[in-house]
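Note that my numbering has the sequence shown beginning at 87, numbered continuously upward. For every residue, glycine included, the Cβ atom is placed at its ideal position computed from N, Cα and C. Computed from a prediction, not measured in an experiment: that's the story for all the values here. Let me begin by presenting the structure, written as C-alpha cells, before commenting on it.
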Amino acid sequence: MEKEIVIKDRLVAPSMITPTLFIGLGGCGLKIVKRVKEHLMTRPDYEERYRALTKFTAFDTNINDLEKARQHMDDVFLLSDFEKEDYAKLATGQLFLEPDDYFTQWVPDGYRFRAGDTAGAGQIRIESRLGLYYQTKHRDVIPRLRRILEDMKNHAHGHRRLDSNEIRIVLCYSVAGGTGSGSHLPMAYLIRDLASQLGKPRIHGVAVLPSVFEDKTGHNKDGIFANGYAALKETEHLMKLGAPEAIGYPESGLEFHYNPADTTKRTVRTQPFDFLYAIDRPERFTVSDVVAAAADGLYLQLFSPIFGEQAGDYDNYTQHQRFLVPHDFEKKDVRGFTSFYGSYGSAVFLVPNEGLLEYCAKAAALDILRSSFVGQIPSDAAFDALRRNYANFNTIRFAAAGGSAEANDVHVKDFHQLAGDDQKHAKRALFEKRVRLLAEAEHQSAGKTISAEFRNIWRHGHGAAFVNPVDHDTANSGEANGTPYDRPEKSIVGYLERSIGVASTEGAVDLTRSELFRDSQRTFRDVLERARDRTLSDAN
C-alpha cells in the first residue's frame, strides 16, 4: 500500500519545481553557490526532482578557484584569460582601430588597465567589468548561458512547474572585492535578457557586504569599503527604475552598456534585481563563517517550506515596494530610496546526542533498578502487602563476621557503617531477600496479570541451599527467628555490587559504578548509532 501511494504521488502530484539558475561571481559568490549545491545534493530526491531543473555556474578572474569548483558546477567562466591593457588600448582607439563607443561609455579617460592576463581583479571593480565585457563580445558566454536556460525549460523534465513560466535566477557575489562588485550589474541585465526569451525571469541578488571581511583585509580596509559603497550606490541608482516616483528617470530608460555582443542594447528600463538580499555580519552574536552561513540560509530560503510561506507574502508586499522611502521624502528634500532590499538568517537546533544518550541510559538503568531490587516496589496490586511493610523491604537480620556478634536488624542506609566484607555480605543478603519477597508476591498472585520476572530471577540466580523456598512460610524463616545470615559461597558473588553500585549514607546509589548502568549505556549508544546510520543511508 505504501509503495502504491508513493507511485501515485510521483505520477499525479502537481510539478512544483521552478527552474533555477545560480550564478556565483568572484570567490565569495563561488563559495556560496558551491555550498548550496552541496546541500541540495544531500536530498534523497535530488537526482529525480532537482538535478535537471537547478543549475550552477561561476564567473571568476581567478583560474585556481574556478578549477577547484569545476566539478560542482554545470559550467564555469574565466574572465581573465586575455591581455587587458592591449585590448583596452585597441578599444579606446589608441592603436589602429577607431574608438569603440560601446566601450568608452563606461571606461574613464586615462585609466590604465592591468597588464597581462593576471589572475584575479586585484580588488579593482572596473577590471572585472572589462573581463565580462571581453568574454561576452569575443567568447561564447552567451551561447553557453542560453544552453543552460534552455535545458532547464526542456519539457522532458517531468517535475518542472507547469502553472508558471517563471525562471528563477540567483546572483551571488560580494561588493567588497573586484570581481563581484564590478560585474554584477551587467551580468544581471545580460541574464535577464536571455531568460526573457524563454520565460519570465525573477532575479534575486545576494550581496555580501564589506563588513563581513573587515577582519581579513588588513591595510586595505578602506579599499573594500570604498568598493562596497560604489557598488551599492550604482545598484540603487538602477533600482530606482522600478519606482515610478523616482525623479529624473526618463521613460526611455538610462544608458547602460551591458551586452557588447548586441550593441543596440544601450539603455535599461527595469531594475537589475527584483529583490536584493544584503548579507552583513551579525551585531549580537558571532558567526565563524558568515559566507557559509549565508549559503545555508539561502538554501533554506529556496529549498524548504520557508519559501512557500514567503511566496504568498511576497505577492502582498511587492505592490508597496514600488514606492520610495521615506514616504515624505519630497517634503524632506531628499531623493528617496527604493525598498527592494532585505536580508535573511537561519537558526540551527543542535541535538546533543551524547547528552541525550547519557540521560536515557541513566534513566533506563534507574528505572530497571528501581523496579527490580534497588528499593522501588512495583506498582502492581500483587505487591500491596510489601508496600505496607516497606521497612522490612529495606532491612535485613545480620550479624557481623566472626560469629561472636549478635544478629541485629540493619537498614540499607546504615550499610556504610559496616566493615568492608560485612558490607558486601549485607548487600548480597538484602538483594536476595528482596528478590525472595517479590518472587513470593508473584507466586501468591499466580493467575493474575503480572509478570514473573522476579520468579525467574529466583529460579535462575539463586541456590535453594541457602535461601528459603518461595512456598515456605517466611514468618518461620531463619531470618525471622534471628538466626545469623549464613553467607552463601555459591551465590552470585558481587552481583549486587555490580548491579546497583555503592550505596551512599542516605541510601542513594552511585549508578556510574553500576555494571547494569554501563550495559544500558552501551545498548543505548548502539541503538543511537544504528538510527543515525539508517538516517544517513536514507539521506544518501
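Drop a sphere of 10 angstroms on the beta-carbon of residue i, count the other beta-carbons inside from all chains shown, and report buried for 16 or more, exposed for fewer.
i: Ile-310; result: buried
i: Tyr-188; result: buried
i: Ala-589; result: Caution is warranted here: a pLDDT of 42 is assigned to Ala-589, below 50, making its placement in the model unreliable, and no coordinate value can be reported.
i: Arg-211; result: buried
i: Ser-338; result: exposed
i: Thr-349; result: exposed
i: Gln-191; result: exposed
i: Glu-153; result: exposed
i: Val-434; result: exposed
i: Thr-627; result: With the chain covering only 87 through 626, there is no way to say anything about residue 627.
i: Asn-313; result: buried
i: Arg-520; result: buried
i: Thr-353; result: exposed
i: Gln-407; result: buried
i: Pro-130; result: exposed
i: His-290; result: buried
i: Thr-569; result: Because Thr-569 carries a pLDDT of 36, less than 50, the predicted location of this residue cannot be relied on, and the following value inherits that uncertainty. With fewer than 16 Cβ atoms within 10 Å of its Cβ, Thr-569 is classed as exposed.
i: Ala-525; result: buried
i: His-451; result: Per the sequence presented here, residue 451 reads as Ala, with His not at that position. Ala-451 comes out buried.
i: Thr-535; result: Here Thr-535 scores only 49 on pLDDT, less than 50, and its place in the model is too uncertain to base an answer on.
i: Ser-585; result: Annotation note: pLDDT 44 at Ser-585 (below 50); position unreliable, no value reported.
i: Ala-477; result: exposed
i: Thr-321; result: buried
i: Arg-608; result: exposed
i: Asp-151; result: buried
With a CB to CB cut of under 6 Å and the five nearest residues on each side skipped, what residues in its chain are close to residue i?
i: Ile-109; result: Thr-143 and Leu-257
i: Thr-106; result: Thr-140 and Arg-254
i: Lys-94; result: Confidence is the limiting factor: at Lys-94 the pLDDT is only 47, short of 50, which leaves the residue's position unreliable, though a coordinate-based value still follows. Once the five neighbours on either side are set aside, Lys-94 has no close Cβ partner at all.
i: Gln-509; result: Phe-501
i: Lys-223; result: Pro-346 and Ala-347
Looking at residue j and residue i, is the spacing between their C-beta atoms short of 8 Å?
i: Tyr-259; j: Gly-428; result: no
i: Leu-696; j: Tyr-219; result: Summary: the structure shown does not reach residue 696, with the chain confined to residues 87 through 626, and so no result is reported for it.
i: Pro-287; j: Ile-253; result: yes
i: Val-236; j: Arg-198; result: Sequence check: residue 236 is Glu here, not Val. Going by C-beta atoms, Glu-236 is not nearer than 8 Å to Arg-198.
i: Ile-103; j: Arg-247; result: yes
i: Ala-293; j: Val-261; result: yes
i: Leu-472; j: Ala-527; result: yes
i: Ala-138; j: His-243; result: yes
i: Arg-215; j: Gly-208; result: no
i: Gly-264; j: Glu-213; result: yes
i: Leu-362; j: Phe-426; result: yes
i: Arg-514; j: Asp-495; result: no
i: Leu-384; j: Ile-392; result: no
i: Asp-366; j: Leu-436; result: no
i: Asn-251; j: Gly-285; result: yes
i: Arg-420; j: Val-298; result: Position check: residue 420 holds Val in this sequence, whereas Arg was assumed. Cβ atoms of Val-420 and Val-298: not closer than 8 Å.
For residue i, which residues from the same chain have a beta carbon less than 7 Å from its beta carbon, with the 5 sequence-adjacent residues on both sides left out?
i: Leu-410; result: Ala-329, Glu-331, Ala-332, Gly-422, Phe-423 and Thr-424
i: Leu-176; result: Leu-183
i: Gln-221; result: Phe-163, Leu-165 and Val-227
i: Leu-181; result: Lys-175
i: Lys-326; result: Ala-332, Tyr-335 and Thr-424
Got a sec, what are the start and stop residues for the alpha helix (DSSP H) residue i sits in?
i: Lys-43; result: Given that the chain is displayed from residue 87 to residue 626, the structure contains no residue 43 and the question cannot be resolved.
i: Asn-313; result: 307-325
i: Ile-277; result: 265-282
i: Thr-222; result: 211-224
i: His-529; result: 506-530
i: Tyr-173; result: 170-177
i: Tyr-136; result: Element bounds for Tyr-136: n/a, residue is neither H nor E.
i: Tyr-385; result: 376-389
i: Arg-474; result: 470-474
i: Asp-237; result: 227-238
i: Arg-254; result: Run containing Arg-254: none in the alpha helix (DSSP H); it sits in the beta strand (DSSP E), 252-260.
i: Ile-118; result: 112-127
Please work out which residues of its chain come closer than 8 Å, Cβ to Cβ, to residue i, disregarding the five sequence neighbours upstream and downstream, and give them in chain order.
i: Asp-160; result: Lys-141, Phe-142, Thr-143 and Ile-234
i: Ala-378; result: Lys-117 and Arg-121
i: Met-127; result: none
i: Arg-611; result: Leu-443 and Ala-447
i: Tyr-445; result: none
Output the boundary residues of the beta strand (DSSP E) element that contains residue i.
i: Phe-189; result: No beta strand (DSSP E) contains Phe-189, which is instead part of the alpha helix (DSSP H) from 187-190.
i: Asn-494; result: 494-497
i: Gly-291; result: 286-294
i: Arg-627; result: This structure does not reach residue 627, given that the chain is present from 87 up to 626, and the question cannot be answered.
i: Ala-155; result: Ala-155 -> not in any beta strand (DSSP E); alpha helix (DSSP H) instead, spanning 149-155.
i: Tyr-363; result: 361-365
Quick check: is any heavy atom of the ligand COA less than 7 Å from the C-beta of residue i?
i: Arg-137; result: Looking for the ligand COA in the displayed structure turns up nothing, as the structure carries no ligands at all.
So with Cβ pairs under 8 Å, would you call residue i a contact of chain C?
i: Ile-109; result: In summary, chain C is missing from the structure at hand, where a single protein chain is found.
If you pair each beta-carbon of the segment 465-473 with each one of the segment 497-504, do three or more pairs fall below 8 Å?
no
When you compare the segment 265-279 with the segment 352-359, are there three or more beta-carbon pairs, one atom per stretch, that lie closer than 8 Å?
yes
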